[in-house]
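**Q** Protein chains in written order, with this note's numbering: chain A, 16 to 339; chain B, 12 to 255.
No residue lacks a Cβ here, since even glycine has one placed at the ideal position from N, Cα and C.
Take a look at this one; I'll ask things after.
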Amino acid sequence: MFNLISLEGAQRVGFNLVGMLVAIEFRAVSKTFRGKHALRPITATVPIGSVYGFLGNNGAGKTTTIKLVLGLLKPTAGEVALWGKNPAKDRQVLRRVGCLLDAPGLYDRLTGRENLEVARLAKGLARSEVDRVLAAVSMTKHSSKLAGNCSSGMRQRLALARSMLGSPDLLILDEPTNALDPEGIAEVRETLRELPKTVGATVFLSSHDLTEVEQIATHIGILHDGRLRATGAIGEFAQESTRIVVDVHQASDAESHLVGANFAVRVTGPSRLEVTVPSGADPRVASFRVNQVLMARGLEVFGLATVGASLAEIFERLTSGTSE
Amino acid sequence: MTSLGRLIIAEFLKTKRSMALWLCLAAPMTVGVTLFMLVLGRGSSIAWLSVQSTGIFMWSFFMLPMSATALAALIGQIEYTARGWSYLLVTPRRRAAVFAAKASVALALTLLMSTVALLIIPLAGALADLLRVGHHVTGQFGMTHLLVQGGKSVAAGLALSVLQIWLALRFRSFIPALIVGVVGTFATVVVYASKYALVIPWALPANAIGADEARSISAIVIGLAIGIIAFILMILDLSRKEFP
């Protein structure tokens, strides 16, 4: 027995056309400022429940992308959809979104609580929401302090608290540790680490801090010069970039044999080389094949180990190359 | 409560401890102190009607245009300094409602400022009268006259207030709004009594309280008409603008 669901109903809960549960969908979105491309056409999806790390160097187009998602900028071409709806046309969808943008956006002459009260009134939420979010970022006891007198870390936590008002289904955080002192970074990172558990929402986190993203992201997108270089589950990236480190008696001999067997090889020492696991291949099977090739040529193999790439390495690989 | 109502309360809350609120007291006080010195320093008796008219003229001719300029700039800067526009515009509320709420609060504070000025004028006169030796303020204090004149000034001042708010909200810097306000006030000084005064929004409040009844009515009608049209255009323009 099948349950039928209408297209409209499917889009309401966030199904895209390929049947995936999607919080954000970029449909060939691009943005140009005075003829200059800030964002080349982007097509990507952010699955519901994921923590999506949106990586890119300064000026890569991350903030522009976020402003397009929130309907603050109009795309030059394409469309952004939140659970299937365009936020620029259907503002009610923004009820399900909380955000922290490139500046905390706090009013210095208001206390932390009053700042949250302003946002609560604008969103039309219950008074108790302010207490709940203050507690969530451990700011209850500092809530009567003027925002202008708070440390940068406290201000950022207040901004995070504001983004959590109304228990949004999607949290969009733009460089949440940017311009913070080391103490502030530690404070905010601690809050960020707890975030998926605390709010249980889809998190879209833009950053150029790879350590921060590596700790909490389930999916990543890498933006470079306004182009989305790659997007997907973080595990897929790690697998794609897995290498086999081979300790062998004669690395240069081994290299020629492995290249002959269609492996991508890099000699890293007199008796060590790295073999890149082919895209989509099982690293264990590839290791077995490497060993087989070398043994068949009579080369002594002392050790074989598979090593996954760090996010920094993946980022470096995808963003290296000439900038425009 | 309606969503617009909640937005208006939020906008009022943002002015807490702000310079904008202090200005609502400080600007009318300037008129009060000047009027007090004038009455106190005068060597002969003076009628209440004259005290009131002098006070309301000082307010309408110079202080209202300048204070409305400063107030609008301060309200605009609350959002620009905090870089709060983006947060304000990602709420589920319609953009038009967001800007209408902000402009309404700026207009309400301008009205509050004028009301404080109307209260300070008789206080300044009474205090000077108390301290004067020999000469006194004569005649009856005309509350109705003061309220009518104040009402005319406020109504004709709608145009300049809305234009100043529009400029203050539209540009990140307060300089364009300030320049326009200063130039408008200076133009008032130059053309106040000429036929061109009725096309300069900053000159309308002073013309609205003049003795020429026809000119007064024209100033009020023009001030209200420009104010209402400018308000609608401002909301449409700001709703389409991409904010930084």
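Out of curiosity, what's the CA-to-CA distance linking A/Val-261 and A/Gly-275?
**A** Each residue's Cα considered, the two are about 16 Å apart.
**Q** Looking at C-alpha atoms only, which residue of A/Arg-244, A/Ser-221, A/Asp-196 and A/Ala-150 is the closest neighbour of A/Arg-206?
**A** According to the sequence as given, residue 206 of chain A is Thr; it is not Arg. Nearest C-alpha to A/Thr-206: A/Ala-150.
**Q** Quick one, which of A/Ala-201, A/Asn-306, A/Val-66 and A/Asp-184 has its alpha-carbon nearest A/Thr-192's?
**A** Nearest C-alpha to A/Thr-192: A/Ala-201.
**Q** Does DSSP put B/Glu-224 in a helix, in a strand, or in coil?
**A** Note: B/Glu-224 maps to helix in three-state DSSP.
**Q** I need the boundaries of the beta strand (DSSP E) containing B/Lys-27, first residue and last residue.
**A** Neither: B/Lys-27 is in no beta strand (DSSP E) and is coded neither H nor E.
**Q** Assuming the contact rule is C-beta atoms closer than 8 Å, B/Arg-104 and B/Leu-24 should be a hit. Round their C-beta distance to whole Å, please.
**A** That pair is no contact at about 16 Å.
**Q** Does the CB of B/Arg-181 have a neighbour CB from chain A at under 8 Å?
**A** Cβ-Cβ to chain A under 8 Å: no for B/Arg-181.
**Q** Given 8 Å as the limit, is there contact between the stretch 177–187 of chain A and the stretch 103–116 of chain A, that is, 3 or more CB pairs closer than that?
**A** The stretch 177–187 of chain A vs the stretch 103–116 of chain A: in contact.
**Q** At the level of alpha carbons, what is the spacing between A/Val-300 and A/Val-292?
**A** Going from the Cα of A/Val-300 to the Cα of A/Val-292 covers about 9 Å.
**Q** Note down, in chain order, each residue of its chain lying with its Cβ closer than 8 Å to the Cβ of B/Leu-100, except the 5 sequence neighbours on either side.
**A** Same-chain partners within the cutoff: Arg-106, Val-109 and Phe-254.
**Q** Show which residues of chain B have a CB atom less than 9 Å away from the CB atom of A/Tyr-67.
**A** Chain B residues near A/Tyr-67: none, gap ~18 Å exceeds 9 Å.
**Q** Report the start-end ranges of each alpha helix (DSSP H) in the stretch 125–158 of chain A that is 4 residues or longer and not cut off at the edges.
**A** Those alpha helix (DSSP H) runs which fall completely within the stretch 125–158 of chain A and span 4+ residues are 127–138 and 143–151.
**Q** According to DSSP, what are the bridge partners of A/Asp-189?
**A** Beta-bridge pairing links A/Asp-189 to A/Ser-221.
**Q** Using a threshold of 8 Å, state whether the C-beta atoms of B/Pro-39 and B/Ile-131 are closer than that.
**A** Yes, Cβ-Cβ distance for B/Pro-39 and B/Ile-131 is below 8 Å.
**Q** How far does the alpha helix (DSSP H) with B/Phe-68 in it reach, from first residue to last?
**A** Element bounds for B/Phe-68: 59–69.
**Q** Could you tell me if A/Glu-227 is buried or exposed, where buried requires 16 or more neighbouring beta carbons within 10 angstroms of its beta carbon?
**A** By the neighbour-count rule (16 or more Cβ atoms within 10 Å), A/Glu-227 is buried.
**Q** Suppose you measure from the CA of B/Ser-164 to the CA of B/Ala-139; what does that come to, to the nearest Å?
**A** Taking the straight line from one Cα to the other gives about 25 Å.
**Q** Decide if A/Leu-19 is buried, meaning its Cβ has at least 16 other Cβ atoms within 10 Å, or exposed.
**A** Caution applies to A/Leu-19, whose pLDDT of 40 falls short of 50 and renders its modelled position unreliable; the value that the coordinates give is listed next. With fewer than 16 other Cβ atoms within 10 Å, it is exposed.
**Q** Using only CA atoms, which one of B/Gln-88, B/Gln-160 and B/Ala-214 lies nearest to B/Ala-170?
**A** Closest by alpha carbon: B/Ala-214.
**Q** Pull up the distance between the alpha-carbon of B/Met-77 and that of B/Pro-212, whole angstroms please.
**A** The alpha-carbon atoms of B/Met-77 and B/Pro-212 are separated by roughly 12 Å.
**Q** Checking 8 Å against the spacing of the C-beta atoms, do B/Ala-111 and B/Leu-244 come in under that value?
**A** Their beta carbons are not under 8 Å apart, which means B/Ala-111 does not touch B/Leu-244 by this criterion.
**Q** Mind listing the chain B neighbours of A/Gly-120? Cutoff is C-beta to C-beta under 7 Å, in chain order.
**A** Here the neighbours are Ala-93, Arg-94, Gly-95, Ser-97 and Tyr-98.
**Q** Can you list the alpha helix (DSSP H) stretches of 4 or more residues lying completely in the stretch 40–79 of chain A, in chain order?
**A** Listed in chain order, there is nothing to give.
**Q** For the stretch 231–249 of chain A and the stretch 59–66 of chain A, state whether three or more C-beta atom pairs, one from each stretch, are separated by less than 8 Å.
**A** Contact holds: three or more Cβ-Cβ distances are below 8 Å.
**Q** Taking 8 Å as the CB-CB cut-off, is A/Arg-110 touching chain B?
**A** Closer than 8 Å: yes.
**Q** Looking at A/Gly-86 and A/Ala-103, is the spacing between their C-beta atoms short of 8 Å?
**A** Yes, these two residues count as a Cβ contact at 8 Å.
**Q** Consider the Cβ of B/Arg-105: report whether some Cβ of chain A lies at a distance smaller than 8 Å.
**A** Yes, its Cβ sits closer than 8 Å to a Cβ of chain A.
**Q** Just the Cα atoms here: how many angstroms apart are B/Leu-60 and B/Leu-180?
**A** Taking the straight line from one Cα to the other gives about 39 Å.
**Q** Would you mind telling me which residues of chain A sit closer than 8 Å to B/Leu-24, beta carbon to beta carbon, in chain order?
**A** The answer, in chain order, is Leu-125, Glu-129, Glu-132, Val-133 and Leu-136.
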